[in-house]
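Going letter by letter, the sequence shown gives residues -25 to -1, 1 to 336 in mature numbering (1 follows the signal peptide of the UniProt record, and there is no 0). Yeah, the Cβ is synthetic: ideal placement off N, Cα and C, and Gly gets one too.
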Amino acid sequence: MDFMNNKLAVAISLAILSNPVVSLAEDDDLTSLRQQIDDVKEEYEQRLFELEKRIETARAPQTSTSANAFNPAISVILDGKYAHFSNDPENSELPGFQLGGEADLGESGFSLGHSELALSANIDDKFYGSLTAAIHDHDGETEIELEEAYLETLGLGGGFTIKAGRFFSGVGYLNEQHEHAWDFADAPLIYRGLFGNHLRDDGVQVSWIAPTDLYVKVGAELLRGDAFPAGGAAHDGVGAYSLFAKMGDDIGVSHSWQLGFSHWSADVEGRIGEHHHHDEELDIAHNPSFTGDSYINAIDFVYKWAPNGNPKNRNFKFQLEYFDRKEDGTITMLGSDPLETSNYDGHQKGWYAQAVYQFMP
């Protein structure tokens, strides 16, 4: 009995002595865990501080850019060139066509051709503005002309874009390009005959790009109808309109194509030829004035090739355009006495094709 009591006492004593050891081990684990938490917290706070510094650094240039967001992009394009024509530019004529003011071939030899001063800027996140002034010489005098000035929407949604102001029409392929971007020194003959180099007017253009893999763009324009080849700004300043459609796609990575269809129509009132004759005045008694309806239909095709889609070293471009114009109305010979008037039913058509290969020697 005493032995059993002693054994129980020893066991209880050992148990009591072992409790402090367990407690000390648990305290060490808790201290270690707290230290780990403190280390993680300190590391997190340090990373958060560094991230805040990076955000502040990134914001600094944005603030500077925002202060200049309304400063326009300004570019000056000097179109210096040497040109030689098989026909005499001083007496260039195109029989059967009433020519517009810029239908001249230009100057032979060295000249500072159609130079431009362009300004453009995002007005805000919804509108973009562009202004282009053309500077050129004529009969020894420097002339400045407002070539384009328009507003264009940004992010209108649904693939729609609206342009309003003075702009080159979407009719044809070459028409929307400025002269300095042409591949040759002068416009194709049919462009000179129909448009006097460019079809440009004041108005509104609405275009839509389809959400398809195939590039599809359609558009319509309401125009004032005062600029050649229209005239008179009929119907209270809405005397012309146009429709156009363009589609295209890539063929692999090195080839691409585009096909376009266009229609332009105008009610013309008193259109007078504006062709400039060098070193002589146009005799007004022999200047016809046309009043009537004018319609132009066109088709254009462009093919481009560049190795792996990179045109830097080598590229090839082929373009073709065909135009068909019909006019029905009356012609009055200004200055004639008595006044001469006759009916007119005209049909002109023409086309051009050109190919350009560029390479890096």
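With the cut-off set at 8 Å, would you say residue i and residue j are in Cβ contact?
i, j, result
"Val228", "Lys292", "no"
"Val181", "Gly194", "yes"
"Tyr297", "Ile271", "no"
"Lys324", "Asp303", "no"
"Gly145", "Ser217", "yes"
"Gly214", "Asp177", "no"
"Ile306", "Phe276", "no"
"Phe219", "Arg175", "no"
"Gly267", "Tyr327", "no"
"Pro64", "Ser83", "yes"
"Leu80", "Asp161", "yes"
"Tyr125", "Gly140", "yes"
"Asn290", "Trp280", "yes"
"Ile184", "Gly134", "yes"
"Lys221", "Gly235", "yes"
"residue 399", "Glu123", "Residue 399 falls outside the range modelled here, since the chain spans only -25 to 336, and no answer is possible."
For residue i, report the span of its beta strand (DSSP E) as first-last.
i, result
"Ala93", "90 to 97"
"Phe291", "289 to 309"
"Leu121", "116 to 128"
"Leu234", "230 to 247"
"His59", "Element bounds for His59: n/a, residue is neither H nor E."
"Gln323", "315 to 334"
"Asp225", "215 to 226"
"Asn272", "262 to 280"
"Ala48", "48 to 52"
"Phe85", "84 to 87"
Considering Cα atoms alone, identify which of the options is closest to residue i.
i, options, result
"Asp54", "Thr136, Ala156, Gly133", "Ala156"
"Gln233", "Trp239, Asp225, Ser240", "Asp225"
"Lys301", "Ala328, Asn283, His238, Lys287", "His238"
"Gly321", "Ser269, Gly134, Pro282", "Ser269"
"Val179", "Ala96, Thr136, Leu5, Gln21", "Thr136"
"Asp158", "Met335, Gln329, Ile30, Val191", "Gln329"
"Gly245", "Asn285, Gly200, Trp280, Asn283", "Gly200"
"Leu198", "Ser240, Ala48, Asn285, Leu314", "Ser240"
"Glu77", "Gly171, Ala48, Asn97", "Gly171"
"Ala48", "Ala96, Val191, Leu309, Phe334", "Ala96"
"Met335", "Pro286, Leu309, Arg9", "Pro286"
"Trp309", "Asn46, Ile12, Gly248, Arg22", "Residue identity check: residue 309 is Leu in the sequence provided, not Trp. Of Asn46, Ile12, Gly248, Arg22, the residue nearest in Cα terms is Gly248."
"Ile98", "Leu121, Asn46, Glu122, Glu27", "Asn46"
"Asn283", "Phe85, Arg9, Ser231, Glu116", "Ser231"
"Phe60", "Leu8, Glu25, Arg9, Pro163", "Pro163"
"Val191", "Leu8, Glu25, Gly223, Ala209", "Gly223"
"Pro263", "Leu295, Tyr278, Gln294, Glu315", "Glu315"
"Glu196", "Leu189, Lys138, Ala208", "Lys138"
Need the endpoints of the alpha helix (DSSP H) that residue i sits in, please.
i, result
"Gly212", "209 to 212"
"Tyr166", "164 to 170"
Would you say residue i reaches chain B, if we count a Cβ-Cβ gap shorter than 8 Å as a contact?
i, result
"Ser217", "Included in the structure is just one protein chain, with no chain B present."
When every heavy atom of the ligand MN is checked, does at least one fall within less than 7 Å of the C-beta of residue i?
i, result
"Glu296", "In the structure shown, the ligand MN is absent, as is every other ligand, since no ligand is present at all."
- Is the region 145 to 152 touching the region 79 to 96 in the sense that three or more CB pairs, one from each, lie closer than 8 Å? Of all C-beta pairs linking the region 79 to 96 to the region 145 to 152, fewer than three are shorter than 8 Å, placing the two stretches out of contact.
- Task: Could you tell me whether the region 64 to 83 touches the region 156 to 167, using the rule of 3 or more Cβ pairs below 8 Å?
- Result: With the cut-off at 8 Å, the region 64 to 83 and the region 156 to 167 touch.
- Per the contact definition of three or more C-beta pairs closer than 8 Å, is the region 47 to 66 in contact with the region 17 to 24? Too few Cβ pairs lie closer than 8 Å, so no.
- Message: For the region 197 to 214 against the region 102 to 121, do three or more pairs of beta-carbon atoms, one drawn from each stretch, fall closer than 8 Å, so that the two count as touching?
- Response: No, the region 197 to 214 is not in contact with the region 102 to 121.
- Task: Flag this pair as touching only if the region 97 to 104 and the region 120 to 132 have three or more C-beta atom pairs under 8 Å; answer yes or no.
- Result: Yes, the region 97 to 104 touches the region 120 to 132.
- Item | Secondary structure, beta strand (DSSP E): runs of 3+ residues fully inside the region 142 to 206 | Unbroken beta strand (DSSP E) runs of no fewer than 3 residues, entirely contained in the region 142 to 206, are found at 175 to 184, 190 to 198, following chain order.
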